[in-house]
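Novice: All the letters of the sequence shown, read from the start, carry residue numbers 1 to 179 under the working numbering. One structure is given below, represented as structure tokens, and several questions about it will come after.
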Amino acid sequence: MFDLLPPDIIQRARRVKLLILDVDGVLTTGQLFMSSTGEIIKPFNTLDGHGIKMLHQTGVQTAIITARSDPAVAARAEQLGITHYFKGAHNKKIAYEQLREQANVSELECAFVGDDVIDLPVLIRCGLPIAVQNAHEFVKQHTVYTTEKFGGMGAVREVTDLIMYSQNTLQIALEEYIK
């Protein structure tokens, strides 16, 4: 799948030490299900979750930067071992700068997956800017890679596989399951 990608994308992915994710529209489809009591329920994709766990095993850190504050997202981040979690980040550039300092990584070592214009301040600064298939068209114009999968439907797994493929760790990680 990744063999046909331009060498520039592979080179960018090879440098990634920190994968940063938006939530709504990236880790989820962007739909919000609301109960009669006003509780918001978000479906997460298990393929994405397992990809994140596999990526952690290769030494790549992960983070979430989201404008919303949602207990479900906090719980999911904890389940997946995502140690950097910035909620209520309406200015994602500030959160991104704080995150880079915490994680001790350069901009070139960061990948960000986004879907909407609020993500642009990070996308235009990171080394590997990625849009999901269902992203706003203006956002796609400012990224170097657009996933084949939609947000919440395996797009994050596609990105984790791309990073591991580029860093020559994907095949090793997959072979662990057939031993």
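Note that beta-carbon positions come from the ideal geometry of N, C-alpha and C, so glycine has one too.
Judging by CA-CA distance, which residue of LYS87, VAL60, GLN167, LEU120 is the nearest neighbour of VAL73?
Specialist: Here the question's residue 73 lines up with position 73 in the sequence shown. The residue with the shortest Cα to Cα distance from VAL73 is LYS87.
Novice: Quick check: the Cα distance between ARG12 and GLU39, rounded to an integer number of angstroms?
Specialist: Sequence index remark: in the sequence shown, residue 12 carries index 12 (1-based). Sequence index remark: in the sequence shown, residue 39 carries index 39 (1-based). Roughly 39 Å between the two C-alpha positions.
Novice: What is the rounded straight-line gap between the Cα of TYR96 and the Cα of ASP115?
Specialist: Taking the sequence shown and counting its residues from 1, one reaches residue 96 at position 96. Taking the sequence shown and counting its residues from 1, one reaches residue 115 at position 115. For TYR96 and ASP115, the distance between alpha carbons rounds to 16 Å.
Novice: Please return the same chain residues whose Cβ sits closer than 6 Å to the Cβ of VAL113, not counting the five positions on each side in sequence.
Specialist: Your numbering for residue 113 matches position 113 in the sequence shown. Result list for VAL113: LEU21, VAL26, ILE130, VAL159, in chain order.
Novice: Considering only DSSP beta bridges, list what ILE40 is partnered with.
Specialist: In the sequence shown, residue 40 corresponds to position 40, counting from 1. Partner(s): MET34.
Novice: Could you tell me how far apart the beta carbons of GLN57 and LEU18 are, in whole angstroms, since I believe they sit closer than 8 Å?
Specialist: By 1-based counting over the sequence shown, the position of residue 57 is 57. By 1-based counting over the sequence shown, the position of residue 18 is 18. Not a contact, Cβ separation roughly 15 Å.
Novice: Note down, one range per segment and in chain order, each beta strand (DSSP E) of at least 3 residues found wholly within the segment 56 to 132.
Specialist: Runs found: 61 to 65, 84 to 86, 110 to 114, 128 to 131.
Novice: Buried or exposed for GLU175, please, with buried defined as at least 16 other CB atoms from any protein chain shown within 10 angstroms of its CB.
Specialist: One-based indexing of the sequence shown puts residue 175 at position 175. So GLU175 counts as exposed.
Novice: Taking LEU128 and ALA111 to be in contact with their CB atoms under 8 Å, please state how far apart those CB atoms are, rounded to whole angstroms.
Specialist: As a position in the sequence shown, residue 128 is number 128, starting the count at 1. As a position in the sequence shown, residue 111 is number 111, starting the count at 1. Their Cβ separation, rounded to whole angstroms, is 4 Å, which keeps LEU128 and ALA111 in contact under 8 Å.
Novice: Out of curiosity, what's the CA-to-CA distance linking LYS92 and ILE64?
Specialist: One-based indexing of the sequence shown puts residue 92 at position 92. One-based indexing of the sequence shown puts residue 64 at position 64. Whole-angstrom Cα-Cα distance: 10 Å.
Novice: Where do the ends of the beta strand (DSSP E) carrying LEU27 lie?
Specialist: One-based indexing of the sequence shown puts residue 27 at position 27. Here LEU27 belongs to no beta strand (DSSP E), and DSSP marks it neither H nor E.
Novice: Would PHE44 and TYR165 be called neighbours here (beta carbons separated by less than 8 Å)?
Specialist: In the sequence shown, the residue the question calls residue 44 occupies position 44. In the sequence shown, the residue the question calls residue 165 occupies position 165. It is not a contact, given that the beta carbons lie outside the stated cut-off.
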